[in-house]
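Peer 1:
There are 2 protein chains.
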Amino acid sequence: MSQDKSYPDWFAVDWGTSNLRVWAMTASGTVLDQAVSDQGMGKLTRDRFEPALLDLIGDWLGPNKTPVIACGMVGARQGWVEAPYQTTPCKPFVNQLTAVNFLQDPRLQVYVIPGVCQKDPADVMRGEETQIAGFLSLNKNWDGVICLPGTHTKWVQISADEIISFKTFLTGELFDLLTHHSVLRHSIDTDGWDDDAFQTAVSEAISRPEAIAARLFSIRADDLLHDRAPSQACAYLSGLLIGAELAASRPYWLGQQIAIIGGSTIAKHYADALQAQGAFATVTDAPRMTLAGLSAAYAKTKETA
Amino acid sequence: MSQDKSYPDWFAVDWGTSNLRVWAMTASGTVLDQAVSDQGMGKLTRDRFEPALLDLIGDWLGPNKTPVIACGMVGARQGWVEAPYQTTPCKPFVNQLTAVNFLQDPRLQVYVIPGVCQKDPADVMRGEETQIAGFLSLNKNWDGVICLPGTHTKWVQISADEIISFKTFLTGELFDLLTHHSVLRHSIDTDGWDDDAFQTAVSEAISRPEAIAARLFSIRADDLLHDRAPSQACAYLSGLLIGAELAASRPYWLGQQIAIIGGSTIAKHYADALQAQGAFATVTDAPRMTLAGLSAAYAKTKETA
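Top line first, the protein sequences correspond to chains A and B. Per our numbering, the very first residue in the first sequence carries number 1; after that it's consecutive. Per our numbering, the very first residue in the second sequence carries number 1001; after that it's consecutive.
Here you go:
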């Protein structure tokens, strides 16, 4: 950040299970600086959240009380403060933020964005609602389906600026467990990739999704008997899991306008898999949508102030 | 073991990835004693197999050379000695054992039973072929399908005493990973059980197997939103995974005579799940089948001697 005395007007904070990311912002939405640490919610007891935040933004804080808008698992029951879920159907764009009212540092004013839940079938999100709000703030009157790939991938149906319904898949977590902790770890090189192996697996899994547990073991057997390349195996596994997910989420995406909000690599894999099914998706950048959503929430606090 | 001078005629050894189990045997098949240790193949370098075996049987060895018949991962490429796979279709009942020819102790004579592989679709087994041989030695002229539930569950088609084809599912390993290493670990008590939750999940997974990655996350969401009991969640998860496996293995078991070789708890779960589908299975005890198979292999060595 520059050394003059223009302090940030507010801080945007994305506080997930594994990481903490902050942006120092002006009121008009300019990013003055940003920082990241590994002090995710999963590592912190309640009294360690404020020190973890101050580690990153302490040097940037001006003398006055500065708003901090945070989204993600920081608002879970085991987080800094529980920000109760909104229930679908609802706007992702939050009407009510939860304030942290037990702060030590008088310069901080912290608000946490609530997650969204669906009662039946039971489902929950925390963090994705902010990305969705960001996307909708940049794409007015957009109806369709948003896919947010990640550890727990979400498919979200949007209509009239509301989250109508959503469904979470454990796909990313299964991929991590299988590549690092299962017998398949001997047969998979996670640095490798092979588009053909990926598309073959997507197609196999979409046509026979029930066979997936058997196909998983075949990755190991193919390595033992046929020396399949470990890089090919990585793409094949990813394709199996994403293909099975596309088979189950078909009612969400078939014939719909689709947007993907995710990291560039995984978002491309989803877009490629969908394209092979004749479905075309717009790909957008996850951190940018998070920041847009946090900015929209900040603007909301100014309206109501 | 008794203190008289009747030494064992041979040793039966089940040497898997995690554990080593030995039985001291008479030529006529009586068990004189047994022992188990955690010195599985996964923990041993090549030079540590002989000491690990002697730790268990050293005190029982007589002065003469004594045969040791071993099955399981001890015969893998990373094991004590590689016992090359037989290829389907083949009798599980081994014609050719692989001798360990670099033993230090002159009282040992060690033979390893080969695994079985299938070229297309690629698949492998090591250890199960011995249980199958044991089952067939006790059930002459038995045709049908054998299910061997475990970390890597096998479905094996048997005809005219031969393994015709088989298919491996990662079901048990997925259950362990999900209950101990995924986000679901917060919502699952692995000591609990609930038959209704199990059967509900089996039925859901059989009718819509592609939805499994979404149903997995619903276990977490149900806990957060509806306080589902963690013991119920355990049975529900098991039912989902076994149900998806039954959907994919249906061509194996539908209309067939079925035998299950497995630990008593998991074998009962499979039998219950199959019964709800109108399929009735004979349940047999895995260690007893292993010992019967090792005994059959020992008898074979006497024939050819």
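Glycine residues also receive a C-beta, built at the ideal position from the N, C-alpha and C atoms.
Just to confirm before moving on: does the CB-CB distance between Pro1326(B) and Gly1075(B) stay below 9 Å?
Peer 2: Outside the displayed range of chain B (1001 to 1305) lies residue 1326(B), so it cannot be described from this structure.
Peer 1: Quick one: list the residues of chain B neighbouring Cys117(A), beta-carbon separation under 9 Å, in chain order.
Peer 2: The contacting residues are Ala1221, Leu1224, Leu1225.
Peer 1: Determine whether the Cβ of Asp123(A) lies closer than 9 Å to any Cβ atom of chain B.
Peer 2: Cβ-Cβ to chain B under 9 Å: yes for Asp123(A).
Peer 1: Pop quiz: Val124(A) and Leu1225(B) are said to be a contact at Cβ under 8 Å. What is the actual Cβ separation, rounded to whole angstroms?
Peer 2: That pair is a contact at about 7 Å.
Peer 1: State the Cα-Cα distance for the pair Pro1089(B) and Glu129(A), rounded to the nearest angstrom.
Peer 2: Approximately 55 Å between the Cα atoms of the pair.
Peer 1: Quick check on the burial criterion: 16 or more other C-beta atoms within 10 angstroms. Buried or exposed for Phe1280(B)?
Peer 2: Burial call: exposed.
Peer 1: Can you confirm whether Pro287(A), when its beta carbon is compared against all beta carbons of chain B, has any partner nearer than 9 Å?
Peer 2: For Pro287(A), the answer is no, since every Cβ of chain B falls outside 9 Å of its Cβ.
Peer 1: Measuring only the C-alpha atoms, how far is Tyr111(A) from Ala299(A)?
Peer 2: Cα to Cα, the separation comes out at about 13 Å.
Peer 1: Quick one: Cα of Ile260(A) to Cα of Lys154(A), how far?
Peer 2: Roughly 10 Å separates the two Cα atoms.
Peer 1: Give a yes or no on whether 9 Å exceeds the smallest Cβ distance from Glu245(A) to chain B.
Peer 2: Yes, contact with chain B.
Peer 1: Given that Ala214(A) touches chain B, what residues does it touch there, using C-beta distances under 7 Å?
Peer 2: By Cβ distance, chain B contributes Lys1167, Thr1168, Phe1169, Ala1248.
Peer 1: DSSP three-state call for Gln1104(B): helix, strand or coil?
Peer 2: Gln1104(B) falls in the coil class under three-state DSSP.
Peer 1: State the start and end residues of the unbroken beta strand (DSSP E) segment that holds Arg1021(B).
Peer 2: That run of the beta strand (DSSP E) goes 1020-1025.
Peer 1: Anything in chain B within Cβ reach of His152(A), meaning under 9 Å, just list it in chain order.
Peer 2: Near His152(A) (Cβ distances below 9 Å), the residues of chain B are Val1183, Phe1217, Arg1220.
Peer 1: Measuring CB to CB, does Gln1275(B) end up less than 9 Å from Leu1246(B)?
Peer 2: Contact flag unset, no.
Peer 1: 9 Å is my cut-off, CB to CB: does Arg1208(B) come that close to chain A?
Peer 2: Output row for Arg1208(B): interface = yes.
Peer 1: Give me whichever residues DSSP pairs with Thr1088(B) in a beta bridge.
Peer 2: According to DSSP, which records beta bridges pairwise, Thr1088(B) is partnered with nothing at all.
Peer 1: Around the C-beta of Phe1135(B), are 16 or more other C-beta atoms found within 10 angstroms, so that it is buried, or is it exposed?
Peer 2: Buried is the call here.
Peer 1: Below 8 Å, can you find three or more Cβ-Cβ pairs linking the region 1178-1185 of chain B to the region 79-86 of chain A?
Peer 2: Contact between the region 1178-1185 of chain B and the region 79-86 of chain A is absent, because fewer than three Cβ pairs lie under 8 Å.
Peer 1: Under the three-state reduction of DSSP, which class applies to Ser1165(B): helix, strand or coil?
Peer 2: Strand.
Peer 1: List the endpoints of the continuous beta strand (DSSP E) containing Phe1175(B).
Peer 2: Per DSSP, Phe1175(B) belongs to no beta strand (DSSP E); it is in the alpha helix (DSSP H), 1171-1181.
Peer 1: Alpha carbon to alpha carbon, how far is Phe1169(B) from Leu1294(B)? Give it in angstroms, no decimals.
Peer 2: Using only the alpha carbons, I get a separation of about 25 Å.
Peer 1: Give me the Cα-Cα distance between Leu1053(B) and Ala197(A), rounded to the nearest whole angstrom.
Peer 2: Near 43 Å, if we compare the C-alpha coordinates of Ala197(A) and Leu1053(B).
Peer 1: Please check if any C-beta of chain A sits within less than 9 Å of the C-beta of Ser1002(B).
Peer 2: Low confidence applies to Ser1002(B): its pLDDT is 46, below 50, so where it sits in the model is not reliable, and the reading given next is rough at best. Chain A contact via Cβ: absent.
Peer 1: In the DSSP output, which residue or residues are listed as bridge partners for Lys268(A)?
Peer 2: Note: Lys268(A) sits in no beta bridge, so no partner.
Peer 1: Alpha carbon to alpha carbon, how far is Pro251(A) from Asp1223(B)?
Peer 2: Answer to the nearest angstrom: the Cα atoms are 25 Å apart.
Peer 1: Using a Cβ-Cβ distance cut-off of 9 Å, determine whether Glu1303(B) contacts chain A.
Peer 2: Judged by the 9 Å Cβ criterion, Glu1303(B) is not in contact with chain A.
Peer 1: With a threshold of 16 other CB atoms inside 10 Å of the CB of Gly243(A), please say whether the residue is buried or exposed.
Peer 2: When all chains shown are included, Gly243(A) counts as buried.
Peer 1: Should Asp55(A) and Ser28(A) be called a contact, given that it needs their Cβ atoms to be closer than 9 Å?
Peer 2: Not closer than 9 Å, so no.
Peer 1: Going along chain B, which residues have a C-beta under 8 Å from Ala211(A)?
Peer 2: Ordered by position in chain B, the residues that pass the 8 Å Cβ test against Ala211(A) are Ala1248.
Peer 1: The alpha helix (DSSP H) that contains Pro1230(B), what's its start and end?
Peer 2: Counting along the chain, the alpha helix (DSSP H) containing Pro1230(B) begins and ends at 1230-1253.
Peer 1: From Tyr270(A) to Pro149(A), what does the alpha carbon distance come to, in whole angstroms?
Peer 2: Each residue's Cα considered, the two are about 8 Å apart.
Peer 1: Look at the alpha carbon of Ala1099(B) and the alpha carbon of Ile1212(B), and state the distance between them as a whole number of angstroms.
Peer 2: Cα to Cα, the separation comes out at about 45 Å.
Peer 1: What whole-angstrom Cβ distance do Ala297(A) and Leu103(A) have, given they're in contact under 8 Å?
Peer 2: So it is not a contact: roughly 19 Å between Cβ atoms.
Peer 1: Who are the Cβ neighbours of Met1025(B) in its own chain at under 8 Å, not counting the five residues just before and after it?
Peer 2: Contacts found: Pro1008, Asp1009, Trp1010, Phe1011, Ala1012, Val1031, Leu1032, Ser1295, Tyr1298.
Peer 1: Would you list the one or two residues that DSSP bridges to Leu1061(B)?
Peer 2: For Leu1061(B), which the question treats as bridged, DSSP gives no partner whatsoever.
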